Amino acid sequence: MTRRRTARDPQAICRSPGVPELPHGTSVEGASRLRALVRRWLPAVIWTGVVLGFSSDALAAAQTSRVLLPLLRIVFPSADPETLEALHLGLRKLAHAVEYAILAALYARAVSGRFRLEGGAREVLLHQGGRILLGVALVAAVDEYRQSLSPVRTGSIRDWGIDLCGASLALMLLWRARAPARGASGDVGKQAGSW
Numbered sequence: 029m030t031r032r033r034t035a036r037d038p039q040a041i042c043r044s045p046g047v048p049e050l051p052h053g054t055s056v057e058g059a060s061r062l063r064a065l066v067r068r069w070l071p072a073v074i075w076t077g078v079v080l081g082f083s084s085d086a087l088a089a090a091q092t093s094r095v096l097l098p099l100l101r102i103v104f105p106s107a108d109p110e111t112l113e114a115l116h117l118g119l120r121k122l123a124h125a126v127e128y129a130i131l132a133a134l135y136a137r138a139v140s141g142r143f144r145l146e147g148g149a150r151e152v153l154l155h156q157g158g159r160i161l162l163g164v165a166l167v168a169a170v171d172e173y174r175q176s177l178s179p180v181r182t183g184s185i186r187d188w189g190i191d192l193c194g195a196s197l198a199l200m201l202l203w204r205a206r207a208p209a210r211g212a213s214g215d216v217g218k219q220a221g222s223w
């Protein structure tokens, strides 16, 4: 008895009118794996571009102060100018940490295939964490180098360190998100939540 090919069958779909032919020798499974790989890595690649775009002159301190300082004056009306400048600087450094925390989380997702770190994905993060951090460190180094070439920006090893702290914190939180919770008796109980 022959099996009738249904619309859910990948080989039948690939032979449907309007679906481009796969290159000779490409399997349907290979094409599916490629789509999955692109789906996993595309957000990380896009965010890498966004992060590198943030190092443009448009987000120099002089530019962000035009927006942030008036907002800070509204929130802290009695603050002196030095305090407002310190808050502005603090917000900029916090932004460094957050953007690289997001980048590390997206790289971890790309490597493990999911944010929900269960079973093997948690071990992937353990074994690939150094590589993820190295990738983030390279992006941060390029970011700081680009800023050092600008007349209105400054590349800083301190900012690079802040970037890596944000990335490390994100990886630790992802790792911890699926760590087994311990009950009062010390037994491993229900697992903690995940993203």
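For reference, each letter of the sequence shown is one residue, going 29 to 223 in my numbering. The beta carbon of each residue, even a glycine, is placed where N, CA and C say it ideally should be. Note that this is a predicted model, so its numbers are computed, not measured.
If you reduce the DSSP assignment to three classes, tell me which class residue i lands in.
i, result
"residue 181", "coil"
"residue 205", "helix"
"residue 222", "Caution is warranted here: a pLDDT of 40 is assigned to residue 222, below 50, making its placement in the model unreliable, and the coordinate value is therefore given only provisionally. Correct three-state label for residue 222: coil."
"residue 60", "helix"
"residue 105", "coil"
"residue 42", "With a pLDDT of 49 at residue 42, under the threshold of 50, the modelled position of this residue cannot be trusted, and the question is left open."
"residue 90", "helix"
"residue 83", "coil"
"residue 126", "helix"
What's the C-alpha gap between residue i and residue j?
i, j, result
"residue 200", "residue 115", "27 Å"
"residue 183", "residue 189", "12 Å"
"residue 179", "residue 82", "15 Å"
"residue 169", "residue 185", "8 Å"
"residue 127", "residue 202", "16 Å"
"residue 221", "residue 65", "Note that residue 221 scores a pLDDT of 43, beneath 50, so its modelled location is shaky and nothing firm can be said."
"residue 94", "residue 86", "11 Å"
"residue 181", "residue 74", "23 Å"
"residue 108", "residue 123", "23 Å"
"residue 135", "residue 106", "42 Å"
"residue 162", "residue 59", "29 Å"
"residue 187", "residue 172", "8 Å"
"residue 104", "residue 98", "10 Å"
"residue 76", "residue 155", "22 Å"
"residue 117", "residue 61", "44 Å"
"residue 96", "residue 63", "41 Å"
"residue 228", "residue 102", "For residue 228 there is no data in the structure shown, the boundaries of the chain being 29 and 223."
Does the beta-carbon of residue i, which I'm using as the reference point, lie nearer than 7 Å to any heavy atom of the ligand ADP?
i, result
"residue 99", "This structure lacks the ligand ADP, and indeed carries no ligand of any kind."
For residue i, which residues in the same chain have their Cβ closer than 6 Å to its Cβ, ignoring the five residues on either side in sequence?
i, result
"residue 100", "112, 115"
"residue 174", "83"
Given residue i, which residues of its chain have a CB within under 7 Å of its CB, disregarding the five upstream and five downstream residues?
i, result
"residue 120", "89, 92"
"residue 193", "125"
"residue 165", "192"
"residue 160", "132, 135, 136, 139, 199"
"residue 195", "128, 129, 131, 132, 161, 164"
"residue 157", "199"
Go through its chain and collect everything with a Cβ distance to residue i's Cβ below 8 Å, but skip five positions before and after it.
i, result
"residue 137", "68, 71, 72, 143"
"residue 197", "125, 129"
"residue 176", "182, 183"
"residue 79", "127, 128, 131, 167, 171"
Examine chain D for any beta-carbon lying closer than 8 Å to the beta-carbon of residue i, and answer yes or no.
i, result
"residue 160", "No chain D is part of this structure, which consists of one protein chain only."
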